[in-house]
Amino acid sequence: ISDQKPLGCWSVKHGQILTCPVVCNYETHEYIAVHDDRVLRIWKNEDVNLDKAFKATLSADVHRIHSLPDGGPVVLFKGGGVRTLDVLLEAPQQEIENVISDEAIKWSEAFMEGPQPVVVFVTEKDGKFFVYVQKPKVNSQHRYQLEAQEQSQPLSFTAYTQNQTLTLLCLYSNDSDYRVLIPLQQDAEEEEQILPKSLLLNLSVSGNVLKGTSLVVLDKDHVAVLGSLAASGKEPKECLTIWNTKFQTLQTSKDLPLGTSGQLWCYEEKFFLTHGKVLTVIMYKCETSSLAAAVGKLKNSQTPDVSSFVNWNTLEDEELVVSLQSQESVALKSESKINLRSRRSSVAKVQPETLSVEQLLLSLKDAPTPVLENELRQLMSRAQSPDLQATIGSVVTALTNRCKANPKYYPQNFLLQIVQTRDLSYSLCPDLMAVALERKDVYLLQVCLGRFPDIPEEMIYACLEAFLSISEAHLQRMDVNLESVICYIDVEQNNKEVKAEVVENGFTAELDQDMCDTELPKQTQPQGGGESCPVGPYKAALLNAVIHSAYSETFLLPHLKNLPARQAILFLRYLYYLYVKCSEKVNITLPGVSCPTINQIMDWMCLLLDAHFTVMVMLPEAKELLSNLHKFVRAQVRFYSELNKIEGSLRELQRLNHLRDSQTYSIEVLEII
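When you read off a place in the sequence shown, starting at 1, and then add 211, the result is the number in the numbering used here.
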């Protein structure tokens, strides 16, 4: 999530349906899924084909799998039976008891109570709600009935455990939160009990009622509720709210004008929710609840969207929301940080220093350029460390927005200074690289490719196409960092290669002739089939930045197929040149700073061939390149196979060295047969 990078994708066969959420086994780092209710699949990250993954057909329908960091996965069946995954895999066809009868499971969760996993689920039958608490390792089960509420039913549940007590929070349709306490240590013989509930919170904001759809617990004094706020005479608007349950007050709220799915998740101090077509991730931090915080909020109860407790950052930027909304795939919204803290004093008069980042940027929207840049520099210097990164992201967004509005405005030096001296990411300033592409600022793009860890594959491809299309003569008039090429390409002498001592690594004339029956070029020539690098040093440095960037093969390949054939051949020639250069050295690495590694070069060659192999086979100018590449790879395969033959002898030699007395001097001759 933090890098906004898709890492993998798996799919079931046509006609099969995933019937419960996929989970991760924290102990084995495996994924666990169920399709068609009874078919269990387990696979690892490196597995490509889901159909070839481990498969087990169970004897009963699965409702859900819960994975516990310290207790392993537990499986809840639709009939109410619970098994740990280890026990289930010992005999997948074992009989699963039916605990519930004609009841529908509405919610379930798993917890660790000491060394024992505990599974809690809520069922409904004829308007009555029941709570089941099961401990599968000790075969313990209890059933409770929730106390009925007149003309109201529970809509959402959440729970947490503390001091051997399960606290169940229920969001009811009468716009209230109720708390139910369930002891986890009880005798097995006790009969079914009716659980009393106590009112925790009334969801009312300035007289308007919040129709909640989902709630999560943040800590012992705070809950978050996602819902719809209905004001009199106005259309309902969805919002995310944070409440102080200790003092019964609204802590803060935020409107979500693009709508949500009604679901809210919370994991490791982050909210996850869908906002329009965007997955929004919001960081939060709860501080100790105090009466001062509650009273301070009550003074401003007329405006529920008071951000004195919260810095919502880019959620305020509706333009950014709309631009992200247009993307077809779900993208990650820039992370926002929520600080729940009390306001120590009320400020009678708003000073510039007390303005929020959003308010300040809005006031500078039409300011003259010198004033804008001066204020932005001061803003970055004033920003507190917890909010510094988000503040800088807002500053860059303000600059790129002005660039888009004014074609003559482009503060290259200011933008470069920010990118080079601050820890930014693409998701914090998603328009920056697009503006740099439009202005053909290859140096800024090169720096971004080297520093941003989360660049989308579409943008990586756009940079590659732009770099390949710009002529070397034009690039020589631009600023480009040549550190990655200066040690193996001579920048001064008419772009000829630096002649250096060559230590071959598995590519000799005798070996190649044996494999290919072709005559090799002379030793003084590079083995790449050409006398020099196929591109100039400036273009090579830019291409190295692309090769170095992080990407997902699955999502980059469709874009690479759009690369024009001539550019694809040129790029492949350069990759082949680097491949040969790496293989000439014993340590198979290129000299210099931030040079591509042999693995990166090979991965890009494979990607490019996958995307354009048919076209390259048909083009006459690519025939010799493919032939040379094929010969070179075959020669290296032969070389490494010869090394494998003496692997046993080398290991024996290493063992003898360990056995030898290091205090004595000796000369030994070992014959390798």
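We put the beta carbon where it would ideally sit given N, CA and C, even for glycine.
Because the structure is a prediction, the values reported are computed rather than measured.
| Check | Outcome |
| --- | --- |
| The alpha helix (DSSP H) enclosing A779, as first and last residue numbers | A776 to E795 |
| Rounded straight-line distance, which links the Cα of G423 to that of V436 | 6 Å |
| Beta-ladder partner(s) of N419, from DSSP | V416 |
| Contact set for Q397: own chain, Cβ-Cβ below 8 Å, skip 5 residues either direction | H353 |
| C-alpha distance - I276 paired with K266, whole-angstrom precision | 16 Å |
| Whole-number beta carbon distance between T456 and V434, since they are thought to touch under 8 Å | 6 Å |
| Closest Cα partner of L753 within the set S278, D297 and C806 | C806 |
| Check whether V250 and T268 have beta carbons under 9 Å apart | yes |
| Length of the line joining the Cα atoms of E764 and E257 | 13 Å |
| Pairwise C-alpha distance: I878 and L867 | 13 Å |
| 8 Å contact criterion, which A756 and L660 should meet: CB distance rounded | 4 Å |
| Per-residue DSSP class, three states only, for L380 | strand |
| Member of V420, Q459 and F458 whose CA lies at the smallest distance from the CA of K445 | V420 |
| Minimum C-alpha distance to L643 - residue among R588, A761 and V606 | V606 |
| Start-end ranges of the alpha helix (DSSP H) lying completely within the region 287-349, minimum 4 residues | 296-301 |
| From C235, Q305, L410 and I671, residue whose alpha carbon lies closest to that of A645 | I671 |
| Boundaries (first-last residue) of the alpha helix (DSSP H) holding I857 | Where I857 is concerned, there is no enclosing alpha helix (DSSP H), given that its DSSP letter is neither H nor E. |
| Cβ-Cβ separation, E449 to L467 (assumed contact under 8 Å), whole Å | 5 Å |
| Separation of D272 from S222, as counted between CA atoms | 21 Å |
| Identity of the residues DSSP links to A761 by a beta bridge | A761 pairs with nothing; no bridge assigned. |
| Per DSSP, cross-strand counterpart(s) of I809 | None, per the DSSP bridge assignment. |
| Exposure label - V582; buried when at least 16 CB within 10 Å | exposed |
| I857 classed as buried or exposed, judged by whether at least 16 other C-beta atoms fall within 10 angstroms | exposed |
| Bounding residues of the alpha helix (DSSP H) (the contiguous stretch that carries E668) | E668 to S680 |
| Distance CB(I666)-CB(Y620) smaller than 9 Å | no |
| Sub-9 Å separation of S351 and P303 beta-carbons | no |
| Local conformation of S170 per DSSP, three classes | This structure cannot settle anything about residue 170, because the visible part of the chain is limited to 212 through 884. |
| Beta-carbon spacing of E676, L774 below 9 Å | yes |
| Rounded C-alpha distance that separates W815 from Y790 | 11 Å |
| Buried/exposed call for K651, threshold 16 Cβ in 10 Å | exposed |
| Helix, strand or coil at H770 according to DSSP, with G and I counted as helix | helix |
| Cα-Cα separation between E832 and M494, rounded to whole angstroms | 53 Å |
| Reduced DSSP category for E446 - H, G, I as helix; E, B as strand; rest coil | coil |
| Buried or exposed by the 16-neighbour rule on C-beta atoms within 10 Å, applied to V828 | exposed |
| Sub-9 Å separation of L886 and L818 beta-carbons | In the structure as shown, the chain begins at 212 and stops at 884. Residue 886 is therefore absent and cannot be evaluated. |
| I603 in three-state terms, based on DSSP | helix |
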